[in-house]
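Visitor: Quick one: the structure is below, questions incoming.
2 protein chains.
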Amino acid sequence: MTHNPESLETIISLCKHRMDAVLDQVLPDAAAPPQALHEAMRHSALSGGKYMRPLLVYCAGQACGVPMARLDAAACAVELIHCYSLIHDDLPAMDDDDLRRGRPTCHIAYGEAMAILAGDALQALAFHVLAHENDSLNAQQRLRMMDTLAYASGSLGMAGGQAIDMLSVGQALDVDELENMHTRKTGALIQASILLGGLAADPIDEDVLRHLGGFGRCIGLAFQIRDDILDVEAETETLGKPQGSDEGANKPTYPSLLGLEGAHEKLREVHDKALHYLGAMGPKADFLRQVAEYIVGRKY
Amino acid sequence: MTHNPESLETIISLCKHRMDAVLDQVLPDAAAPPQALHEAMRHSALSGGKYMRPLLVYCAGQACGVPMARLDAAACAVELIHCYSLIHDDLPAMDDDDLRRGRPTCHIAYGEAMAILAGDALQALAFHVLAHENDSLNAQQRLRMMDTLAYASGSLGMAGGQAIDMLSVGQALDVDELENMHTRKTGALIQASILLGGLAADPIDEDVLRHLGGFGRCIGLAFQIRDDILDVEAETETLGKPQGSDEGANKPTYPSLLGLEGAHEKLREVHDKALHYLGAMGPKADFLRQVAEYIVGRKY
Chain A
1418 MTHNPESLET IISLCKHRMD AVLDQVLPDA AAPPQALHEA MRHSALSGGK
1468 YMRPLLVYCA GQACGVPMAR LDAAACAVEL IHCYSLIHDD LPAMDDDDLR
1518 RGRPTCHIAY GEAMAILAGD ALQALAFHVL AHENDSLNAQ QRLRMMDTLA
1568 YASGSLGMAG GQAIDMLSVG QALDVDELEN MHTRKTGALI QASILLGGLA
1618 ADPIDEDVLR HLGGFGRCIG LAFQIRDDIL DVEAETETLG KPQGSDEGAN
1668 KPTYPSLLGL EGAHEKLREV HDKALHYLGA MGPKADFLRQ VAEYIVGRKY
Chain B
1418 MTHNPESLET IISLCKHRMD AVLDQVLPDA AAPPQALHEA MRHSALSGGK
1468 YMRPLLVYCA GQACGVPMAR LDAAACAVEL IHCYSLIHDD LPAMDDDDLR
1518 RGRPTCHIAY GEAMAILAGD ALQALAFHVL AHENDSLNAQ QRLRMMDTLA
1568 YASGSLGMAG GQAIDMLSVG QALDVDELEN MHTRKTGALI QASILLGGLA
1618 ADPIDEDVLR HLGGFGRCIG LAFQIRDDIL DVEAETETLG KPQGSDEGAN
1668 KPTYPSLLGL EGAHEKLREV HDKALHYLGA MGPKADFLRQ VAEYIVGRKY
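Protein sequence lines correspond, in order, to chains A and B.
As numbered in this note's numbering, residues 1418 to 1717 make up the first sequence, in order.
As numbered in this note's numbering, residues 1418 to 1717 make up the second sequence, in order.
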């Protein structure tokens, strides 16, 4: 059943079940000391996330003929990196958010010190999951996954994108600068998720990896443009006027720079480009195409 | 020259030269965007540290017949993890320190947001350095190094130890609880440094690795006991009465629990035990024995 999922919905559902189980298994028990730290890690990592990055790992792996069980470690690692970044982004010194997914953020629930440490420990855990002996991936695959994930998470990827975001509040960015920020802040980890799926193939197909890299870069950007559009449209629906929370925080967005119609146009362009990268992969990339549709069309 | 250092002083000097060069090379250029983040990373990682953890990597590797050049990546990775932990430990929500090595701490110089992100990015860089292709270590060695380093850094190691430290302020700890905290907070990374030196041997000798693990655990603890003693003795010299800064912060220490003479006695015991673990390794472990002397006898 897990080897030949029949629809994207099946993969989404399997992804959720697998991640709930795998994360619960790799996260230290909440009763193990230091209890507050382990509770804080679990609070954030098991909070009903959408598991979009693991889904990308599974879909990219599926396009390369890799069974889901061989993708669990990679899917888990990208989700742990994502969770750690949310905890740190929510801190008072960063975005200062009290709520996440309808629940208190980690520092509200456990204090700032535990939140900083929970993020730190989740990052270490992500690499531990990939480095630790397991039977489903060979050494070279795991090393390339870690190389990819570490680069995507660091100062030239996700952490760097968050830094640019923090440094750009109140600054005028043009579209290229905005794209550079998002390519790092959210795009790098989304692209890495897709690449990790491809790196689970044995042997690794370098051509396929290049296609996946290009696709991943585009859907990472599409995800962010869609996010910006949703923000404006949701506020417009509720308030009767276009006033997104990002705009409120004086942050540049695609709609604020290109107008709402211009942002939709940009989204279509990026989506087309993403699909173009999958051209050579034929029908085996159908679930990846559906994921792209899902990201471009999502309502929340 | 680098293959047969003649004294511990030679290794210490070579270690400093190599680390200054290797860190400068792996850290992104300060001019690369985001500039503030890269400056913050360099501010903390190139601040004239003692490089004690890299020294342990080199000495353990030397005891296993490994040339220094094959130990650079591991030495660099442990130092990057150590630097990231100092940045985060200094944050206002943690130990709230303004000065480190006589210079402003990272958050004082670059703000809290950049300090959090600089720490995050240094952790990612540590794993990137080990995961990234290089000719001097095989895949299995690098994986075991990352497994060891990730475990030692995470919630069951260093981050967990810092959490216990934060949670224990104002609490009465007994000697076992104090030892548990230090074994994680500083001991885990010290032990990992020793183990990484042993993991650079090809083939890896599992018996030697067990000896190194036991030795590393003991000298990690010795390092902390010595730290506590130095704190009391330095304050005693200066103020004429035993009032260390740790005691001032209501933190339990070895001298506060065992008395100054009891702490010295404990240090001797732990030192003897450390040397005992090296018994089977003969003269090739002489530099490790000297490092143990150095840690037990250091004056600062």
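All C-beta atoms, glycine included, are put in the ideal place defined by N, C-alpha and C.
Under 7 Å between beta-carbons, which chain B residues line up against A/G1571? List them in chain order, please.
Guide: Here residue 1571 of chain A refers to the residue found at position 154 when the first sequence is read from its first residue. Residues of chain B passing the Cβ test: A1538, A1541, L1542, H1545.
Visitor: Mind reading off the beta-carbon distance from A/I1636 to A/A1709? Whole number of angstroms is fine, and I expect it under 8 Å.
Guide: Along the first sequence, one-based indexing puts residue 1636 of chain A at 219. Along the first sequence, one-based indexing puts residue 1709 of chain A at 292. Indeed, because the Cβ distance is near 5 Å, the residues count as touching under 8 Å.
Visitor: Going by C-alpha distance, which of B/K1668, B/K1690, B/M1575, B/C1481 is nearest A/L1542?
Guide: The sequence position of residue 1542 of chain A within the first sequence is 125, counting from 1. Nearest of B/K1668, B/K1690, B/M1575, B/C1481 to A/L1542, Cα basis: B/M1575.
Visitor: Less than 7 Å separating the beta-carbons of A/A1457 and A/A1535?
Guide: The sequence position of residue 1457 of chain A within the first sequence is 40, counting from 1. The sequence position of residue 1535 of chain A within the first sequence is 118, counting from 1. Result yes, Cβ atoms of A/A1457 and A/A1535 sit closer than 7 Å.
Visitor: Does any residue of chain A bring its CB to less than 7 Å from the CB of B/M1563?
Guide: Walking along the second sequence from the start, residue 1563 of chain B turns up at place 146. Yes, B/M1563 counts as interfacial toward chain A.
Visitor: Would you identify the three-state DSSP class for A/R1518, choosing helix, strand or coil?
Guide: Locating residue 1518 of chain A in the first sequence gives position 101, counting from the first residue. A/R1518 falls in the coil class under three-state DSSP.
Visitor: With DSSP run on the structure shown, which of helix, strand or coil describes A/I1533?
Guide: On the first sequence, position 116 is the one that residue 1533 of chain A refers to. DSSP places A/I1533 in helix when its eight states are reduced to three.
Visitor: By the 10 Å Cβ neighbour count, where 16 or more other Cβ atoms means buried, how is A/V1483 classified, buried or exposed?
Guide: As a working mapping, residue 1483 of chain A is identified with position 66 in the first sequence. With 16 or more Cβ atoms within 10 Å of its Cβ, A/V1483 is classed as buried.
Visitor: Report the start-end ranges of each beta strand (DSSP E) in the stretch 1559–1606 of chain B that is 3 residues or longer and not cut off at the edges.
Guide: Within the stretch 1559–1606 of chain B, no complete beta strand (DSSP E) segment of 3 residues or longer occurs.
Visitor: Does the stretch 1445–1460 of chain A come close enough to the stretch 1512–1532 of chain A to have 3 or more Cβ pairs within less than 8 Å?
Guide: yes
Visitor: So A/G1614 and A/L1473 are in contact, right, with Cβ under 8 Å, and what is the actual spacing, rounded?
Guide: The count along the first sequence starts at 1 and reaches residue 1614 of chain A at position 197. The count along the first sequence starts at 1 and reaches residue 1473 of chain A at position 56. Going by Cβ atoms, the distance from A/G1614 to A/L1473 rounds to 7 Å, so yes, they are a contact pair.
Visitor: Could you say which of B/P1521, B/D1515, B/V1495 lies nearest to B/H1545 if we only look at CA atoms?
Guide: By one-based count along the second sequence, residue 1545 of chain B stands at place 128. For the residues B/P1521, B/D1515, B/V1495, the minimum Cα distance to B/H1545 belongs to B/V1495.
Visitor: If I follow the unbroken alpha helix (DSSP H) through A/D1689, where does it start and stop?
Guide: Reading the first sequence from its first residue, position 272 is the one you call residue 1689 of chain A. A/D1689 -> alpha helix (DSSP H) spans 1671–1694.
Visitor: Given this structure, state the Cα-to-Cα distance separating B/I1581 from A/F1640, to the nearest angstrom.
Guide: Counting from 1 along the second sequence, the entry for residue 1581 of chain B is found at position 164. Counting from 1 along the first sequence, the entry for residue 1640 of chain A is found at position 223. Rounded to whole angstroms, B/I1581 to A/F1640 spans 39 Å at the Cα level.
Visitor: Let me see if you follow: with CB-CB separation under 7 Å, is B/M1469 close to chain D or not?
Guide: The question asks about chain D, but that chain is absent: this structure's protein chains are A and B.
Visitor: Which residues in chain B have a C-beta closer than 7 Å to the C-beta of A/H1505? List them in chain order.
Guide: In the first sequence, residue 1505 of chain A corresponds to position 88, counting from 1. In chain order: I1533, D1537.
Visitor: Where does B/E1623 land, buried or exposed, given buried means 16+ other C-beta within 10 angstroms?
Guide: Numbered from its first residue, the second sequence carries residue 1623 of chain B at position 206. Counting Cβ neighbours within 10 Å, B/E1623 comes out exposed, since fewer than 16 surround it.
Visitor: Can you tell me the Cβ-Cβ gap for A/A1538 and B/G1578, rounded? I've got them flagged as a contact below 8 Å.
Guide: As a first step, residue 1538 of chain A must be located in the first sequence, where it is residue number 121. As a first step, residue 1578 of chain B must be located in the second sequence, where it is residue number 161. Between B/G1578 and A/A1538 the Cβ distance is about 11 Å, and since that is not below 8 Å, they are no contact.
Visitor: Could you spell out where the alpha helix (DSSP H) holding A/A1618 opens and where it closes?
Guide: As a working note, residue 1618 of chain A is residue 201 in the first sequence. Segment: none, A/A1618 is in no alpha helix (DSSP H) and carries neither H nor E.
Visitor: Sorted by chain position, which residues of the same chain lie with C-beta nearer than 7 Å to B/Y1468's C-beta, five sequence neighbours on each side aside?
Guide: Working through the second sequence from its first residue, we reach residue 1468 of chain B at position 51. Around B/Y1468: C1432, K1433, M1436, E1496.
Visitor: Specify the secondary structure class of B/Q1660 as computed by DSSP and reduced to three states.
Guide: In the second sequence, counting from the first residue as 1, residue 1660 of chain B sits at position 243. Model confidence at B/Q1660 stands at a pLDDT of 49, short of 50, so the residue's coordinates are unreliable; what they give is reported in the following sentence. In this structure, B/Q1660 counts as coil in the three-state DSSP scheme.
Visitor: Below 8 Å on the Cβ atoms is my contact criterion, and I expect B/A1491 with B/M1562 to pass it. Report the Cβ-Cβ distance as a whole number of Å.
Guide: Counting from 1 along the second sequence, the entry for residue 1491 of chain B is found at position 74. Counting from 1 along the second sequence, the entry for residue 1562 of chain B is found at position 145. At roughly 6 Å, the Cβ-Cβ gap stays under 8 Å, so B/A1491 and B/M1562 are in contact.
Visitor: Under DSSP, the alpha helix (DSSP H) around B/D1507 begins and ends at which residues?
Guide: Working through the second sequence from its first residue, we reach residue 1507 of chain B at position 90. Where B/D1507 is concerned, the enclosing alpha helix (DSSP H) stretches over 1489–1507.
Visitor: Within the 7 Å Cβ cut-off, does A/A1526 reach chain B?
Guide: Translated into the one-based positions of the first sequence, residue 1526 of chain A becomes position 109. No, A/A1526 lies away from the interface with chain B (no Cβ there is under 7 Å from its Cβ).
Visitor: Looking at the structure shown, is A/Y1475 part of a helix, part of a strand, or coil, going by DSSP?
Guide: As a working mapping, residue 1475 of chain A is identified with position 58 in the first sequence. In this structure, A/Y1475 counts as helix in the three-state DSSP scheme.
Visitor: Please confirm whether B/M1598 has its beta-carbon closer than 7 Å to some beta-carbon of chain A.
Guide: Taking the second sequence and counting its residues from 1, the one referred to as residue 1598 of chain B is at position 181. With 7 Å as the cut-off, B/M1598 does not count as an interface residue toward chain A.
Visitor: So which of A/L1695, A/F1704, A/L1647, A/D1512 has the shortest CA-CA distance to A/E1678?
Guide: Locating residue 1678 of chain A in the first sequence gives position 261, counting from the first residue. Comparing Cα positions, the closest option is A/L1647.
Visitor: Could you name the residues of the same chain whose beta carbon sits closer than 6 Å to that of A/K1690, not counting the 5 residues immediately before and after it, in chain order?
Guide: If you number the first sequence from 1, residue 1690 of chain A lands on position 273. Around A/K1690: C1635.
Visitor: Starting from A/G1714, trace the alpha helix (DSSP H) both ways and give me its first and last residue.
Guide: Walking along the first sequence from the start, residue 1714 of chain A turns up at place 297. Here the alpha helix (DSSP H) through A/G1714 covers 1703–1714.
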